[in-house]
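These notes are about the structure you will find just below.
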Amino acid sequence: METEKRSRYLLAYCTLAGLLASIVISGLLFSLDFVSKTPFGTFFAVIGSSLGYYDSNTSPYIGLLLHFATGTVAGNLLGQGAIFWKKLIPFGFTIVGIITGILLWLVLFLPLTTYVIQPKLNMFNYSAPNQYIFVIAQHFQGLYSVVLIGSFFFHIIYGIILGLIAGRLVELKH
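Letter by letter, the sequence shown follows residues 174 to 347 of the numbering used here.
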């Protein structure tokens with residue numbers, strides 16, 4: 174009974190840590206818009222527009238919500254992995270968080286960017302549904318390798334934040 178209760182707490186803490194880490198990373202991505210002088214929410218609009226949401230008021234929010242959901246699910250998967258493979262816990266949550274971030278980049282970000290988002294952006298350079306999407310596509314033209322390298326480091330930062338928060342929450346409870 175006690176093990177089941179601990180498992181539920183571990184899963185809840187890792188899920189919460191995933192959400193919080195994705196919120197922090199989203200804040201950093203919003204700051205990139207400021208630095209690069211692109212419209213606020215451009216990164217998230219790329220996600221939304223790649224899924225068919227072309228409205229400038231809708232696509233950034235769709236992308237942001239999907240970003241939060243992905244980070245939350247990744248945290249949940251970390252918790253499930255830690256429950257079923259208890260050998261993960263002694264390595265420390267920060268190391269396991271970094272591994273989670275890298276795996277998230279390899280399994281989700283890299284294929285989606287390569288096979289869905291980048292081809293859509295290339296298509297939007299020639300046939301965008303509206304001016305908003307055309308401007309976004311123009312901004313990312315020729316930046317594929319920069320996006321891949323930068324996103325790799327952002328996923329490592331996500332993993333560090335995920336691991337630190339999850340580890341601290343588990344320490345506080347036990």
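Glycine included, C-beta positions come from ideal geometry on N, C-alpha and C.
In the DSSP assignment, residue 288 falls outside any alpha helix (DSSP H), carrying neither H nor E. For the pair residue 232 and residue 218, the CB atoms are nearer than the 8 Å cut-off. In this structure, DSSP gives residue 243 a helical state, which the three-state scheme calls helix.
Within 10 angstroms of the beta-carbon of residue 207 lie fewer than 16 other beta-carbons, which makes it exposed.
Distance from the CA atom of residue 196 to the CA atom of residue 215, rounded to whole angstroms, is 16 Å. Secondary structure remark: continuous alpha helix (DSSP H) runs of at least 4 residues inside the region 267–345, in chain order: 291–299, 304–313. With 16 or more other Cβ atoms inside 10 Å of its own Cβ, residue 343 counts as buried. Residue 233 sits in a helix when the DSSP states are folded into three classes.
In the structure shown, residue 228 falls within a coil segment according to DSSP collapsed to helix, strand and coil.
Three or more beta-carbon pairs separated by less than 8 Å link the region 322–340 to the region 186–194, which places the two stretches in contact.
Comparing alpha-carbon positions, the option among 193, 221, 210 lying closest to residue 244 turns out to be 193. Annotated three-state conformation of residue 265 is coil, per DSSP. Buried is the label assigned to residue 269, since at least 16 other Cβ atoms lie within 10 Å of its Cβ. The DSSP-derived three-state label of residue 213 is coil.
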